[in-house]
Every structure is written in structure tokens, then in C-alpha cells.
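**Student:** Here it is, the structure in full.
2 protein chains.
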Amino acid sequence: MTDPVQGGRQFAFLLVDKFSMFSLAAAIDTFRSANRLLGRDFYGWTTVSADGDPVMASNGLPLKIDYAVADLPPVDILFVSVGLTTEFPGKSKVLAALRSWGRRGNALGALSVGSYLLAEAGQLEGYRCTIHWENRAGFVERFPDINCTGNVFEIDRKRYTCAGGTTSIDLMLEIVRGDFGSNLANGVANQSQHERIRSAGDRQRVGPERDLTGKSEKLRRIVELMADHLDEPLSAVQLAKSAGLSVRQVERLFLRHL
Amino acid sequence: MTDPVQGGRQFAFLLVDKFSMFSLAAAIDTFRSANRLLGRDFYGWTTVSADGDPVMASNGLPLKIDYAVADLPPVDILFVSVGLTTEFPGKSKVLAALRSWGRRGNALGALSVGSYLLAEAGQLEGYRCTIHWENRAGFVERFPDINCTGNVFEIDRKRYTCAGGTTSIDLMLEIVRGDFGSNLANGVANQSQHERIRSAGDRQRVGPERDLTGKSEKLRRIVELMADHLDEPLSAVQLAKSAGLSVRQVERLFLRHL
Chain Z
19 MTDPVQGGRQ FAFLLVDKFS MFSLAAAIDT FRSANRLLGR DFYGWTTVSA DGDPVMASNG
79 LPLKIDYAVA DLPPVDILFV SVGLTTEFPG KSKVLAALRS WGRRGNALGA LSVGSYLLAE
139 AGQLEGYRCT IHWENRAGFV ERFPDINCTG NVFEIDRKRY TCAGGTTSID LMLEIVRGDF
199 GSNLANGVAN QSQHERIRSA GDRQRVGPER DLTGKSEKLR RIVELMADHL DEPLSAVQLA
259 KSAGLSVRQV ERLFLRHL
Chain G
19 MTDPVQGGRQ FAFLLVDKFS MFSLAAAIDT FRSANRLLGR DFYGWTTVSA DGDPVMASNG
79 LPLKIDYAVA DLPPVDILFV SVGLTTEFPG KSKVLAALRS WGRRGNALGA LSVGSYLLAE
139 AGQLEGYRCT IHWENRAGFV ERFPDINCTG NVFEIDRKRY TCAGGTTSID LMLEIVRGDF
199 GSNLANGVAN QSQHERIRSA GDRQRVGPER DLTGKSEKLR RIVELMADHL DEPLSAVQLA
259 KSAGLSVRQV ERLFLRHL
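From first to last, the protein sequence lines are chains Z and G.
Each number in the working numbering comes from the position in the first sequence (counting from 1) with 18 added on.
Each number in the working numbering comes from the position in the second sequence (counting from 1) with 18 added on.
See the structure below:
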């Protein structure tokens, strides 16, 4: 990111129908807490929708919106926040706005499933990104040439993407840390009861992993390997070799445990 | 909690001016994710304010509200969500509603700083509770007879309190776990990218702890001791003894580092 404009940073959050209020609030309240600890409003934020109309979050709560996307004043990063669906009213306006924003060399970001929309708008070609683990396989199938890592967040030049939920905190704290250092980032994490600040290198914990607690360590390792290679699945032979087992043993593990 | 009413549970969230949208969304989206994984709307929620008017969160975003507190239909737990201030418009109505709700034997809960309001309404006498670490000293001073533990959440009979931020997730997942078991709770945690589900016995990580990184280990130990005994502060002699120092050395440590 470049030096702060006018002694502060401004972010806009473009919300679409069924966006995740949780990952939005996790993002915004990170900046709010940073301001509070700084004692001044260094970080600012506005909300945007296709037409400026209120948007319903995936939890059913309606949020009033500051701007229609066409009227958005300049900001440092425009984040798009997508939750349960990538099809929604006003989608063509949203895509056009993302395209025009990116074409002018501006920074774009995504919360949760927002990377899908950035990719649809052609704004992730040649960039590293991430997305919520539940949507990664679909993303990779649709956009095979984009490097979607499955990490908790990714910052690649002017593209800031995170995987939703509490990973919004990690991404925004990386921005805060870059501006003011680790002490402030740690202070904000404690305000939000965020136990551990994850870095871009941290992988998401995908759905099945925890359910394997108490199950075979070798099985756990194999499931992790499979999750790591959703885009280019490993063969049974490769999986078995990585776990130090025969293919027959892997098959038996799966029959016994899953 | 008793058996679910009508095959499901209903929660209400009573919001006051400058409530934390983050801890509210962390709570509600936990139930939303549980419903999604269950494939049915077992958990329901409504929002409530003193007069049913929209309420402004501490992050400046306005939320439309379902009910005035006087019109609230029966729910399993009424949670009160308080953020940056315990003084706000309509406070007397809110306190009256909490009192009347509790007097009828109903369950009450609190997010973030909400325990302060439950205590003001006389609804925590004889109960164990918790509150955001920043407000614990003030709480203990004002309500010396209430056992405010400083843990991430507390469930004591019909009182459900948590310390705000991501601890809303831990408290609500404890309810989900009680209803459906650990597999569902773990699945929801992974949906929300919540790295570790904390239990009621987990202490909050208070502000100064991390900021003392790199400072004297002895100072860190003393600050922890002080944080642990906010309700019955240790004397300088006791603190010094616990840290293996003289009182004069403790004084010098504080002068040098704080």
C-alpha cells in the first residue's frame, strides 16, 4: 500500500445480498479498535451497495448503506464482501464497478467469498489470492489459472483477499501492523479477544480436519494432503507414499474411519 | 437450559447505543452456521431495542430492529449487548425490561459489557459472570459482591455471560454443543475460521499481557498477578514476595517500564 492519503486510510466495503455480517464486522471493528487505541480516527470506512439500497446479510439483518457504487468517493481499498451466494440483484453493476476500479490501478480486496467476484471481474489474473475453504474447489474449477492458495489471507501487490470469518481480523491487523507496528496490532487483537494473529502463510482449517480428532494420525495426514491438493488431486499411490503406507492400508483406514 | 421450545430455540438480542456489532454478529452467525449445517432453522433470533428504533453500533453502522423491548415475544434467552458505553438513551426502559424478564424466572445473557447492565438491573446477585477485561475493574468496584471471574464466558444456571469479541462464538458454541454435540460445534467453528473453541475455564488475555512482550519477565509476572486479583488487590509486600523481589525493586521496575 502507498503512504496514507491525508494522514489516514479510507476503506469501502461493497456489500451484496447475503453477505456475511460477521466477516464485515470483524474487518471494520478491527479498524475501529485501532482508532480507539490510537486516540484518533486514522482509519475510516464506508459501506457501498449496487444502488445504495439497504442490503440483507446472510443472518437476515438489514444494513443501511452509505453510497451507491457509482457514487463512491476515492478510497485506499475497495473490499467486496460476498457470503452465501455469488448471484444477487445488481451483480452486473457490481462487476462493472470492480472492473473500472481495478483498471484505474486502484487496490481491491475481498472478504469470505469475495475473491470469486474479483475473479469474475477479471481483477485477479496474475495475482495470488485466497477464498473461504468451502468455495475453493469451485473457484479452482472455474478459474484454473488463478493461484488460490487456501491460506487465511493473501496480500499480493494491490489485491487483499481473506477467507472470511475471523480471518478478516488477521488481514486487517496485517494492514494495521504495517502502519503502526506489532504493539498496536496486538492491542487490537486483545480488544477483540482474538487469540492468535495469523499470518498470510497460515492455512485455513478446512471442514473435516477437526472432526478427525481422536482418529488415526495417519488418516488425518492423508485428509490434510487431499485438502491441500484439491485443485490437482494426488493419486492413491502418491497419498499412500506420503503417509508411509501401502495403497491397501490407506483403503482400509478410510473404510474403518470415514 | 430446558428442552427446546417447539423443536427449536429462540434468542433475542437487546441492543443499546454503541453496542459492538462484531460480538453481536459473532453470536448470531454462530447460530446461522449451525442451522445451515443442520439443514433446518433450529435456532432463531430477533433484535430488540428500548423503543424498537434503529440502533447505531460502535462502528457507526446503523441496524434496523425487530421489536421494542415491551413487545418482545417469549424467547429462550434474552441477551443484552453493550459496547462502548453503559449510559445510553432509553436506559431506564432497558433496565426495567431486564428486571421484569428475570423476575419471571427467564434466562438472561450478556455480550461484551452487557453484564454491567444485568448487574445494574439486579439480575446477577448470587450468580457467577464475566465481562470484557477492560471493564472488569470498574465492575468489581461497583458490584463487589458479584463473582465476576474474567473468564471468556460463564454459564451459571439461567445466566449466560461472555466477554465480547470472539468470545461470543465460544459461548454460543457451548449452547450448540449442549444441543447437538461437539461435531456440530467443531463444524461451525471451522465455518467461522474460529481457530480454537475456548471453554468457560479459559481466562481472557488482558490488554497489558502482550504489550509487555520483551519487557522484564518479573514485571510481566507482577502485572498478571495484579490482573488476577483485581477484586481483592494484593499488597505491595505480597506482590513483591510472589515475584521474589523486594518492595523497593518492584517500585523501581514500575518506574522503569510503565
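Each residue gets a CB set at the ideal place from its N, CA and C atoms; glycine is no exception.
Hey, quick one: how far does the beta strand (DSSP E) through residue 33/G stretch, first residue to last?
**Tutor:** 27–33
**Student:** Measuring CA to CA, which of 186/G, 198/G, 211/G and 210/G is closest to residue 222/G?
**Tutor:** 186/G
**Student:** I need the DSSP call for residue 129/G, collapsed to helix, strand or coil.
**Tutor:** Of the three classes helix, strand and coil, the one that applies to residue 129/G here is strand, per DSSP.
**Student:** Can you tell me whether residue 262/Z is buried or exposed, with buried defined as 16 or more other CB within 10 angstroms of its CB?
**Tutor:** That one is exposed.
**Student:** Could you check which residue in 45/G, 63/G, 268/G and 255/G has the C-alpha nearest to that of residue 130/G?
**Tutor:** 45/G
**Student:** With respect to the beta strand (DSSP E) encompassing residue 192/Z, which residues constitute its N-terminal and C-terminal limits?
**Tutor:** First-last for residue 192/Z: 185–198, but that is the alpha helix (DSSP H), not the beta strand (DSSP E).
**Student:** Go ahead and label residue 270/Z buried or exposed: buried means 16 or more other beta carbons lie within 10 angstroms of its beta carbon, across all protein chains shown.
**Tutor:** exposed
**Student:** Measure how close the beta-carbons of residue 133/Z and residue 38/Z come, nearest whole angstrom, since I'm counting them as under 8 Å.
**Tutor:** Incorrect: roughly 13 Å between the Cβ atoms, too far for contact.
**Student:** Using CA coordinates, which residue listed in 113/Z, 127/Z and 158/Z is at the minimum distance from residue 139/Z?
**Tutor:** 113/Z
**Student:** Are residue 79/G and residue 81/Z closer than 9 Å when you measure CB to CB?
**Tutor:** Yes.
**Student:** Identify which residue in 75/Z, 166/Z, 161/Z and 253/Z has its Cα closest to the Cα of residue 106/Z.
**Tutor:** 75/Z
**Student:** Nearest CA to the CA of residue 136/Z: which residue from 120/Z, 150/Z and 199/Z?
**Tutor:** 120/Z
**Student:** In whole angstroms, what separates the C-alpha of residue 195/Z from that of residue 204/Z?
**Tutor:** Cα to Cα, residue 195/Z sits roughly 9 Å from residue 204/Z.
**Student:** Can the beta-carbon of residue 141/G be found less than 9 Å from the beta-carbon of residue 92/G?
**Tutor:** no
**Student:** Considering only the beta carbon of each residue, do residue 60/G and residue 68/G sit closer than 9 Å?
**Tutor:** no
**Student:** Just verifying my parser: in three-state terms, what is the DSSP assignment at residue 270/Z?
**Tutor:** helix
**Student:** Who does residue 156/G pair with in a DSSP beta bridge?
**Tutor:** DSSP output for residue 156/G lists no bridge partner at all.
**Student:** What are the complete beta strand (DSSP E) segments, minimum 3 residues, inside the segment 38–122 of chain G?
**Tutor:** 61–67 and 95–100
**Student:** Return no unless some Cβ of chain Z is closer than 9 Å to the Cβ of residue 100/G.
**Tutor:** no
**Student:** Pop quiz: residue 191/Z and residue 207/Z are said to be a contact at Cβ under 8 Å. What is the actual Cβ separation, rounded to whole angstroms?
**Tutor:** 6 Å
**Student:** Quick check on residue 172/G: does DSSP put it in helix, strand or coil?
**Tutor:** strand
**Student:** For a cutoff of 9 Å on Cβ pairs, would you count residue 231/Z as touching chain G?
**Tutor:** Note that residue 231/Z scores 44 on pLDDT, short of 50, meaning its location in the model is unreliable and no value can be drawn from it.
**Student:** Excluding the five sequence neighbours on either side, which residues of its own chain have a C-beta within less than 7 Å of the C-beta of residue 72/G, listed in chain order?
**Tutor:** Counting only Cβ-Cβ distances below 7 Å, and skipping sequence neighbours, we find 80, 81, 82 and 83.
**Student:** Take residue 168/Z and list the residues in its own chain whose beta-carbon comes closer than 7 Å to its own, dropping the five residues that flank it on each side.
**Tutor:** Sequence-distant partners of residue 168/Z (beyond 5 residues in either direction) whose C-beta falls short of 7 Å from its own C-beta, in its chain, are 148, 151, 154, 221 and 222.
**Student:** For residue 221/G, name the three-state secondary structure that DSSP assigns.
**Tutor:** strand
**Student:** For residue 38/Z and chain G, any beta-carbon pair shorter than 9 Å?
**Tutor:** yes
**Student:** Distance, Cα to Cα, residue 254/G vs residue 265/G?
**Tutor:** 6 Å
**Student:** Ignore the nearest five residues each way along the sequence and tell me which others in residue 268/Z's own chain have a CB closer than 8 Å to its CB.
**Tutor:** Residues 240, 254, 257, 258 and 261 of the same chain have their beta carbon placed closer than 8 Å to that of residue 268/Z, with the five preceding and five following residues left out of the count.
**Student:** With a threshold of 16 other CB atoms inside 10 Å of the CB of residue 25/Z, please say whether the residue is buried or exposed.
**Tutor:** exposed
**Student:** Mind listing the chain G neighbours of residue 213/Z? Cutoff is C-beta to C-beta under 8 Å, in chain order.
**Tutor:** 184, 213, 214, 216 and 223
**Student:** For residue 127/G, is the classification buried or exposed, using 16 other Cβ atoms within 10 angstroms of its Cβ as the cut-off for buried?
**Tutor:** Classification of residue 127/G: buried, given that the 10 Å Cβ count is 16 or more.
**Student:** Using a Cβ-Cβ distance cut-off of 9 Å, determine whether residue 66/G contacts chain Z.
**Tutor:** no
**Student:** If contact means a Cβ-Cβ distance below 9 Å, which residues of the segment 111–133 of chain G contact chain Z?
**Tutor:** none
**Student:** In three-state terms, what does DSSP make of residue 207/Z?
**Tutor:** helix
**Student:** Quick one: what's got a C-beta closer than 6 Å to residue 30/G's C-beta in the same chain, skipping five residues either side?
**Tutor:** 64, 66, 90, 93 and 96
**Student:** Closer than 8 Å by beta-carbon distance: list the chain G residues that pair up with residue 194/Z, in chain order.
**Tutor:** Near residue 194/Z there are no residues of chain G at all, since even the closest Cβ is about 14 Å away, more than 8 Å.
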